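Residue 118 in the working numbering sits at position 43 of the sequence shown, with consecutive numbering throughout. The beta-carbon is built from N, C-alpha and C at its ideal position, and this holds for glycine as well. What you are looking at is a predicted structure, and each value in this text was computed from that prediction instead of being measured.
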Amino acid sequence: MSRAEAKDFTARITYQVQANLNGGGDKNLGDILDELNIPAYDTLCG
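Structural data, given as C-alpha cells:
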C-alpha cells in the first residue's frame, strides 16, 4: 500500500467510524471495512 493509499484508507475509516458513533447505525469496524472498496484491504482480508 502506498503512502497515498494509506492516507486515503485511514481517512475513510475515520469518517465511517465517526459517522457510526454519531448515530449512523450499529455497524462494527469489520462491517465498515467490508463496505469500503479498498483493494489492499480486500487482498489482505477478503
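Applying the criterion that 16 or more other CB atoms from any shown protein chain within 10 Å of the CB defines a buried residue, is residue 93 buried or exposed?
When all chains shown are included, residue 93 counts as exposed.
Pull up the CB-CB distance for residue 107 and residue 95, whole angstroms please, since I reckon it's below 8 Å.
About 7 Å; that satisfies the 8 Å criterion.
How is the alpha helix (DSSP H) around residue 109 delimited, first residue to last?
Per DSSP, residue 109 belongs to the alpha helix (DSSP H) from 104-110.
Hey, residue 78 and residue 111: beta-carbon distance below 8 Å or not?
For residue 78 and residue 111, no; Cβs fall outside 8 Å.
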